[in-house]
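Per numbering that gives the first Met the number 0: the sequence shown = residues 0 to 439. Each remark here refers to the structure printed beneath this line.
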Amino acid sequence: MSREATLPSPRIFYGWFVVSAAFAVTFVGFGCAYTFSAFVEPLQRDFGASRGSVSLVFSLAGFLYFGLGIVSGPLADRFGSRRLAVAGMVLTGLGLMAASAARSLTEVYAAYGLGVGLGVGCAYVPAIGAVQRWFVRRRGFASGLAVSGIGVGTLVMPPLASFLIASLGWRGAYLVLGALAAAVGGGLALLIENDPRDRGLGPDGDPPQSGNQPARSEGASVSEAIRSRRFISLYAACLICSFGVFVPFVHLVPYAQDHGVAPSSAVLLLGVIGVGSTAGRFFLGGLADRIGRQLSLLLMFAGMALALAVWVIATDIWSLAAFAFVFGVFYGGWVAVLPAVVMDYFGGRNVSGIIGVLYTSVAFGTLIGPSAAGFAFDLSHSYTLPILASAGANIVAAVIVAATSKVAAPVSVTRGPIGAPRAPNDEPTCRGSSFVNSNS
């Protein structure tokens, strides 16, 4: 008797448990990473370092956790996402714990940069890639829900870190955060599974089609995808926008303190980004399923550019909070829509590997942007130039996406899993080396 025949019909589609696990991974991993702004001042003080050199700690970690997807994505496609996600969360915890014992800024680079960078890099792409295979009709919403952990983590973890720093010092704070990452993140990552067919299910909980290959076997190869015009333009847009996207996560708190905002209030601004980000992932991810995910991606870039332009003139707590919320909404929408766009374009067979290659663009932007903004501040004692450059980068990214949509392939309407015509955003049809996107 087959496993499909013996499995009981679940009351809750297991795909939502996979989404919950990915939520936990993003909540713990990025929540811990985005506490870094709260550590800038004590690290500067204890090590006598400049703002640029301290900012480089975050930039190195960001480069690794986005860049490592090029390795962890294909490994997840081959060996399964669960192993990578669990190992990544444990490594994140160990990196934070090691940072608590650092005796120099160089040791912080090694412990935090390598530990958190490699840990989140091992877990993020495999977890998000697994979610894409479990959904078709509600892929944008499911992807948004999974990555909303980043927004909730940004809301919860920086204030927690600030409280821990005040109570235990920055070393004790890193120790507690490390234990939390390993225990909660690693434990919940055990819920991740790669393919609904392993449970006798189809995407969205539909019955599987007998005689067909598993969903993960449909789609372009990594080499086919990365040679396509669409991937190249998507890579360029993400590379350029990423020079500015992560600047607020490092410099918003110091910027606010430079303008007279109390430290306890300044750190709450990261939480406001988290509130906006969570709203963006929930609502804009679902909206993208209706209006088209490629159009939505363009709007996210334009929205982030507009928000960053507002930051230039914001100097008090309320105007900074308004910037933080609006920026968070569009940043959250960008993170939610991007993996779904990749799945739309290239199918599910190598989705983690393709997302991993794409995120190397974000890695290079993250490596350069926040640290460059810090060194620019050290020279000019002003954030005006790096903020305006960040806004301009997102405008250029929007133009690239808009130009790509004008040369998109014709719409191809294929049949859905239960015989009905697919919605415009459904998975593309791939035949050999050619693939046709239905989200033009």
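In this text, a Cβ means the ideal position worked out from N, Cα and C, and glycines have one as well. On a predicted model such as this, the values are computed, not experimentally measured, just so you know.
Task: Simplified DSSP assignment, three categories, for G346 - done: strand
Task: Any 3 or more C-beta pairs closer than 8 Å across the stretch 371-378 and the stretch 145-156 - done: no
- [ ] To the nearest angstrom, report how far apart P206 and P195 are at their CA atoms.
- [x] Rounded to the nearest angstrom, the two C-alpha atoms are 10 Å apart.
Task: Endpoints, alpha helix (DSSP H) assigned at P247 - done: That run of the alpha helix (DSSP H) goes 246-257.
Open item on the list: So for G199, helix, strand or coil by DSSP?
Closed with: coil
Open item on the list: Could you check whether H250 and P369 sit closer than 8 Å to each other, using their CB atoms as the reference points?
Closed with: With contacts defined by Cβ atoms closer than 8 Å, P369 and H250 form a contacting pair.
- [ ] Report yes or no: do three or more beta-carbon pairs, one from the stretch 19-35 and one from the stretch 220-229, lie closer than 8 Å?
- [x] no
TODO: Could you pull out every residue in the same chain whose Cβ sits closer than 6 Å to the Cβ of A396, ignoring the five residues on either side in sequence?
DONE: A236, I239, C240, F300
Task: Per-residue burial, A392 [other beta carbons within 10 Å of its own, 16 or more giving buried] - done: buried
Open item on the list: Quick test of the definition: if touching needs 3 or more C-beta pairs under 8 Å, does the stretch 379-389 touch the stretch 281-298?
Closed with: The stretch 379-389 vs the stretch 281-298: no contact.
Open item on the list: Taking contact to mean 3 or more Cβ pairs, one atom from each stretch, closer than 8 Å, check whether the stretch 323-338 and the stretch 269-280 are in contact.
Closed with: yes
Task: Backbone CA spacing between N211 and S71 [nearest angstrom] - done: In this prediction, N211 scores a pLDDT of 45, lower than 50, which makes its location untrustworthy; the coordinate-derived value is nonetheless stated afterwards. Cα-Cα distance, rounded: 27 Å.
Open item on the list: So, with DSSP's three-state summary, where would you put G218?
Closed with: Three-state result, G218: strand.
- [ ] Can you have a look at V26 and say buried or exposed, based on whether 16 or more other CB atoms are within 10 angstroms of its CB?
- [x] One point to set straight first is that residue 26 is Phe, not Val, in the sequence displayed. It is buried - the Cβ of F26 has at least 16 other Cβ atoms within 10 Å.
TODO: Report the rounded CA-to-CA distance for P213 versus V130, giving the unit in angstroms.
DONE: Residue confidence for P213 is low, a pLDDT of 45 falling below 50, so the modelled location carries little weight and cannot support an answer.
Task: Residue span of the alpha helix (DSSP H) that contains S52, given as start and end - done: 50-66
Open item on the list: Just to confirm my understanding: we take W310, look at its own chain, exclude 5 residues before and 5 after, and list those with CB closer than 6 Å. What are they?
Closed with: F322, I386
- [ ] Excluding the 5 residues preceding and the 5 following I231 in the sequence, name in chain order all residues of the same chain whose CB lies nearer than 6 Å to its CB.
- [x] The beta carbon of I231 sits closer than 6 Å to no other beta carbon from its chain once the five residues preceding and following it are set aside.
Open item on the list: Quick check: the Cα distance between V340 and R136, rounded to an integer number of angstroms?
Closed with: 13 Å
Open item on the list: I want to know whether the stretch 92-106 touches the stretch 63-78 - three or more CB-CB distances under 8 Å.
Closed with: no
Open item on the list: Please state whether the Cβ-Cβ distance between L144 and R280 is less than 8 Å.
Closed with: yes
Open item on the list: Counting C-beta neighbours from all protein chains within 10 Å, is the total for D343 16 or more, i.e. buried, or is it exposed?
Closed with: buried
TODO: Spatial neighbours of T365 within its chain, please: CB distance less than 7 Å, with the 5 preceding and 5 following residues excluded, ordered by chain position.
DONE: Counting only Cβ-Cβ distances below 7 Å, and skipping sequence neighbours, we find S58, G61, F62, F65, S241, F245.
Open item on the list: Rounded to the nearest angstrom, what separates E192 and V17 at their Cα positions?
Closed with: 7 Å
Open item on the list: Considering only their Cβ atoms, is the gap separating I316 from V252 smaller than 8 Å?
Closed with: no
TODO: Measure the alpha-carbon distance for R132 versus L357 and round it to whole angstroms.
DONE: Approximately 18 Å, taken between the alpha carbons.
Open item on the list: Out of L307, D197, S263, which one is the CA nearest neighbour of G79?
Closed with: D197
Open item on the list: Which residue wins for smallest C-alpha separation from V24, given the options G327, R81, P73, G14?
Closed with: Nearest to V24 by C-alpha distance, out of G327, R81, P73, G14, is R81.
Open item on the list: For chain B, check one thing: does any of its Cβ atoms lie closer than 8 Å to the Cβ of R10?
Closed with: This model lacks chain B altogether; it includes just one protein chain.
Open item on the list: Quick check on this structure: which residue in G120, W333, L176, P247 has the alpha carbon closest to the alpha carbon of G355?
Closed with: G120
- [ ] Keeping to the same chain, check which residues put their C-beta closer than 8 Å to that of F363; ignore five residues upstream and five downstream.
- [x] F62, G66, L238, S241
- [ ] Indicate the three-state DSSP secondary structure (helix, strand or coil) for T314 in the structure shown.
- [x] coil
TODO: Please say whether Y108 and V53 have beta carbons closer to each other than 8 Å?
DONE: no
Task: Proximity of S19 and L189 at Cβ, strictly below 8 Å - done: no
Open item on the list: In whole angstroms, give me the CA-to-CA distance for L269 and I225.
Closed with: Answer to the nearest angstrom: the Cα atoms are 35 Å apart.
Task: Length of the line joining the Cα atoms of G30 and V146 - done: 11 Å
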